[in-house]
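Asks:
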Amino acid sequence: MFVEWRPEARAALRTILSYIAERNPTAALNLFEEIERSTSALPQHPYLYRHGRVAGTREIVVYRITTASVEIVGILHSRQQYP
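Okay, structure coming up:
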């Protein structure tokens, strides 16, 4: 099993990190490192995080588990409205 980032999720991550980096580059780097650390554990522990508000997803980032991969389908800042 591997982690697969959807293009939309990568774009959202870049947007969030860019916004934060304009105000606090250290915070943006810390957030990126935390997201990378959290998602790197998913192949070994795909059910690690709670169920998402959208059926079939889980949260730390929004992801779903398929037979072959953990698919990152979205990411948003906690101040953004979801879903």
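Last residue of the sequence shown: 131 (our numbering), numbering continuous. Backbone N, C-alpha and C fix where the C-beta goes; we use that ideal spot for every residue, glycine too.
Since residue 110 contacts residue 123 with CB under 8 Å, what's their CB separation in whole angstroms?
Replies: Confirmed, Cβ separation roughly 7 Å.
Asks: For residue 107 versus residue 52, is the C-beta spacing smaller than 8 Å?
Replies: Not in contact: residue 107 and residue 52 (Cβ atoms no closer than 8 Å).
Asks: Quick one: which unbroken alpha helix (DSSP H) runs of 4-plus residues sit fully inside the segment 69-129? Chain order, please.
Replies: Whole alpha helix (DSSP H) segments, 4+ residues: 73-88.
Asks: So residue 68 and residue 75 are supposed to be a Cβ contact under 8 Å. How far apart are they, rounded?
Replies: About 5 Å separates the two Cβ atoms, so the contact holds.
Asks: Taking 8 Å as the cut-off, decide whether the C-beta atoms of residue 94 and residue 50 are in contact.
Replies: No, they are not a contact pair.
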